[in-house]
Structure formats: C-alpha cells, structure tokens
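There are 2 protein chains.
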Amino acid sequence: MFHKVLVAEDLDSISIAVVQALGEISILEIHHAKYCDDAFLKIKKALHDNQPYDLLISDLSFKPDHRENKLCSGEELIEAVKKVQPDIKTIVFSIEDKSFRIKSLFNNLGINAYVSKGRDSIPELQKAIQRIYNNEEIKLSPELSHALRDKSLFEIESYDIALLKSLSKGLTLEDISSEFKDSGIIPNGSSSLEKRINRLKIYFKASNNVHLIAITKDLGLV
Amino acid sequence: MFHKVLVAEDLDSISIAVVQALGEISILEIHHAKYCDDAFLKIKKALHDNQPYDLLISDLSFKPDHRENKLCSGEELIEAVKKVQPDIKTIVFSIEDKSFRIKSLFNNLGINAYVSKGRDSIPELQKAIQRIYNNEEIKLSPELSHALRDKSLFEIESYDIALLKSLSKGLTLEDISSEFKDSGIIPNGSSSLEKRINRLKIYFKASNNVHLIAITKDLGLV
DNA sequence: ACCCCTTTTACGGTTTCCCGTAAAGAAATG
DNA sequence: CATTTCTTTACGGGAAACCGTAAAAGGGGT
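Protein sequences appear in the order of chains H and U.
All residue numbers for the first sequence refer to the UniProt record's numbering, where the first residue is 1 and numbers rise by one.
All residue numbers for the second sequence refer to the UniProt record's numbering, where the first residue is 1 and numbers rise by one.
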C-alpha cells in the first residue's frame, strides 16, 4: 500500500473521516493540510527531503479566509504539484458532480481518480486508492465515461467563458465589444458576440440571455 | 448532557466526524440519518415510543438521489419536526454562509444554533451543543448578529423568489404575468412585476436582469 | 361617505436584445 | 491567382427590457 499520503481539505469535519479511512487501509504516514498553500509547501518539503508523497487526495473548493493564499483551489494545487512532482498520484475528492468539470480534471490535470462526496463515499475512496495502487483501470460511472468521450462538451472554450462572465456582470453587448477590443480578444464585433451567444443558447437550450446565465451558473461554468 | 441526539447529514465523510465528536462530549445515544425522510421517521418513532430526541443536528442541503423523498432539505425537515415536537433543540450544521439565509433559520424556524462547516467547525459544534444544554446565550459572529437585526434583509419574500425563479427559467415578463394569473399570485400585472424586479435590481445593485440573476444565483436565492 | 395613502396597473419612449440576411474579410484549395 | 469556404462584421426590423410618469384600484382612518 502507499506509504505517504497527503490530504488537502479545508473542512475539519471531512478531513477527520478521510484521515481515519486512510488509517483503516493501513497507510502509515498520513498528513493533512487545511490550505492549498500549506499542502504545496509540504509536497515541496517532502520532495526536498527525498521522502516524497506517494499520493495526494485533494478537495476542489476551499473556503476563502482572512489568510492570503496563492493557491485557492484544488485545480491550482494539483497543477502546481504536478510541475514539481509529475509522477505523484492524485485523487480529487469533491462534492462537484458536473461531468464536464470532472472531465477536464482527467484531461487537463491528469488526475488518477475522482471520488464524489456522497452518502457512501468513504468506502469508494478506499477502493479508488486500492485500485490506483494496483494500477487497475479506473472505474467510472457510465454517465461520466460517456462524458469523457463526448467531444462536444469540450468545445466550450475560455472565449465562451469570458463572454458568459462579462454577460453575468451585467454588461451589454456593446460594453463587451469594447472590453474585448481593449483586451485584444477577437472576435469582438458586437455582431460576432451575438452570434457566439446564440450558439451557446442553442447548445444549452436557453431561450434568452437570462436563461443562459442561469443555466451556465448552475453548471458552474461561470 | 443531552442523552439522545439525531444527526441528519447525507455525506458520510462528515457524519462520521460529527458522530465521533458527539461521543467525545459523552452523549450516550447518537443516531444518524442520511435522508431527511428517514430522520423525520426516527423523530416520530422516538416520540411515539416516549423516548424523544433531545437534539437534532441537521445539514441544510441533501444530494438528490434515485430515492423519492418528501423532505429534501434541512429547512423542510426542521419545519416538519417542529410541528410534531416543538420543544426539540435544533442545530444547523452547514456550509452555507449567506447571512440572510442564516437569519431566516433563526427567525422562521427558531433554530437554537448555527454552526458553519469550516476549518475548525467540530470544536465549534461541540461548544454550541454545550451552550444550548446550559441554556446559555447563543454566540454569534458580529457580522451575523448585525444581519439578524437588519430588517431590510428580510424583505425578500417568497414572492420575489418565485419571480426570480421564473425569470431564470427564461420566461418573459408577459409569460410570468400570465403564469402568476393562473396560479393566483398577486400582483401579476406585467408593470408590477417590472417594478418589483426593479426593486430587486436596486437592492442587489444589478444593472439588468441578467446581472440580477447572476447575483441571486451566487447568493443561492434561486 | 370622504379623504389620504399605498399598491397595483397602464401607457409611452428609449435602449438593448433577438434573429435573419448579407456584405466584407481571411483562410484554404486547386 | 482565382475560386471556394469559413469567419467576422454590418445592417435592419421586431420583440422584450428599461425607465419615468400617471391613472386606477384597494385599504385604513376620521
């Protein structure tokens, strides 16, 4: 079994159970960080001491705090960690259940497993750790494995996100047009923006801008 | 100390720590339910057996499931429980940190304490239980106690929520007007709706409908 | 009953959204 | 280089939102 595991989780009520669960499957060294920055420091320290972590289990969202942090989310943490220790195994343990967000974790960050916090997630987490240790195939829910194959999910790019973000800030198309011109983002003609928004509306089956923002907010896209 | 306590919490990763924390402060009978419906049944059963619960600790949001449930949220659960056992003590233990939502829990449901899931919430939960048992004053964060006094926070009613919900579904004012007429909700003239939306826009400092929905979505109002 | 005040509704003008069409520009192909 | 094709931009008309004003309807008071 893995020797040294780091848990990055802000909620004490959850980390207690996770640490306990790791103990149950006879992991010897279990460390825990409440902030992404702390987790990153521990990873670097361990690497420097030639006693690197085998596995990182991280949450995605961390509550903002009085503390100033450089890394504020699980995504940022994993990205940073992979740069200093590319071979580390990673599991994301989060409440998030939007398939395209999980998809991007596998595709962009190369995580090894995703376990959704739910009514029976502790055993699932233990199983996932076991599987990774044995280099077994990751088991995914049918819905999720479909999402991973579905290309269309991935064609919503940063441009669209920026557009949706600006919309949700209450800007008019004209506003966004000049905003994009200033930032050098193209296309930026109000007519092009309109067309792009229309594509999004068709894709998300939204009947107008308000509806579109409501939907994409629900999906966590903005 | 309390004898019999019920924990309503869907995430196993959290309920484990909560149950453990209750054991630490020598509570003898600790029960746990993953669904609001189950929790309600247990309360009723205990009451019927003349061994009622002293305290209910509940989460607010419960993940939807394959299971059909009558009660889907902590609010609904507490409301139902208070009808059959008005004297029961209640603590809400949730990640929610929007002050006006917490405010409504105290004012509408008459909860005894609110503990926000965070980096140090298990000790806080234990302290809150102790305080309630000793009938001490509830300690609130300054921000929150201010919110409880602030009247303006409370004037967003179910009417506004219904309106925002309809808006976020992509309906036009005309649509909503006839929808409200059908449901017997008044006022329902499109002009009144407009005026009400305008009040909300001023209150939330939104520049248009899209912005308004984005803000209220963020606040968890819709 | 009358007056006062609040709430609800109605109306008009302006802006923005919405949607189709078409022109201008850029990239690709032969 | 000419032709095709795709992308970006422009334009125009109708719908809905936006905003101020004012009339109608309802609800206490005296």
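For each residue, glycine too, the CB sits at the ideal point set by N, CA and C.
Assignment of beta strand (DSSP E) within the UniProt domain "Response regulatory" (4 to 132) of chain H, counting only whole runs of 3 or more residues, yields 4 to 8, 29 to 33, 55 to 58, 89 to 94 and 113 to 116 in chain order. Nearest CB-CB separation between I14 (chain H) and chain U: below the 8 Å threshold. In this structure S13 (chain U) does not touch K98 (chain H) by the C-beta definition: roughly 19 Å separates them, more than the 8 Å allowed.
The alpha-carbon of N134 (chain U) is positioned some 40 Å away from that of D37 (chain H). When the Cα atoms are used, N107 (chain U) and N50 (chain U) turn out to be separated by approximately 29 Å. Rounded to the nearest whole angstrom, the C-alpha separation of F100 (chain H) and I215 (chain U) is 23 Å. Residues of the same chain with a CB within less than 7 Å of the CB of K44 (chain U), apart from the 5 flanking positions on each side, are V84 in chain order.
Within chain U, the residues placing a beta-carbon under 7 Å from that of A214 (chain H) are S168, I213 and K217, ordered along the chain. At a cut-off of 8 Å between beta carbons, N209 (chain U) contacts chain H.
Pairing F40 (chain H) with A113 (chain U), the inter-Cα distance amounts to about 35 Å. Not flagged as an interface residue toward chain U: I129 (chain H), since no C-beta distance is shorter than 8 Å.
The C-beta distance from L167 (chain U) to V210 (chain H) rounds to 6 Å, short enough to fall under 8 Å. Distance from the CA of D160 (chain H) to the CA of S207 (chain H), rounded to the nearest whole angstrom, comes to 17 Å. The CB of R119 (chain H) comes closer than 8 Å to the CB of D10, L11, D12, K34, K63 and D65 in chain U, given here in chain order. Each residue's CA atom was taken as its position, placing S177 (chain H) and N198 (chain H) some 15 Å apart.
The three-state secondary structure of S207 (chain H), taken from DSSP, is coil.
Taking C-beta atoms under 8 Å as the contact rule, V18 (chain U) and L164 (chain U) fail to qualify, at a distance of about 33 Å.
Counting other Cβ atoms within 10 Å of its Cβ, L28 (chain U) stays below 16 and is therefore classed as exposed. Beyond the five residues adjoining it in sequence on each side, A21 (chain U) comes within less than 7 Å, by CB distance, of I122, L125 and Q126 in the same chain, given in chain order. One alpha carbon belongs to H3 (chain H), the other to F180 (chain H), and they sit about 50 Å apart. For F2 (chain H), there is no enclosing alpha helix (DSSP H), since its DSSP letter is neither H nor E. With a threshold of 8 Å between beta carbons, V7 (chain H) makes no contact with chain U.
Shown here, K165 (chain U) sits in a helix according to DSSP, grouped into three states. For the stretch 16 to 29 of chain U, the beta-carbon criterion of a distance under 9 Å to any beta-carbon of chain H is satisfied by I16, A17, V18, Q20 and A21. In this model, R131 (chain H) and E137 (chain H) are separated by some 7 Å (Cα to Cα).
For I176 (chain H), the uninterrupted alpha helix (DSSP H) segment begins and ends at L173 to S183. At least one CB of chain H lies nearer than 8 Å to the CB of A206 (chain U).
Distances from the CA of F62 (chain H) to each of H:K103, H:A162, H:V115 and H:A33 were compared; the closest alpha carbon is that of H:A33. Sixteen is the threshold: when 16 or more other Cβ atoms of the shown chains lie within 10 Å of the Cβ of E9 (chain H), as they do, the residue is buried. Inter-residue distance for K70 (chain U) and P64 (chain U) is about 11 Å (C-alpha atoms, whole angstroms). By the CB criterion at 8 Å, A46 (chain U) and Y35 (chain U) fall outside the cutoff. Identification of chain U residues near I122 (chain H) by a Cβ-Cβ cut-off of 8 Å yields D12, S13 and I16, ordered along the chain. DSSP places I186 (chain U) outside both helix and strand once states are collapsed to three, so it counts as coil. The C-alpha of S73 (chain U) is placed about 21 Å away from the C-alpha of K217 (chain H).
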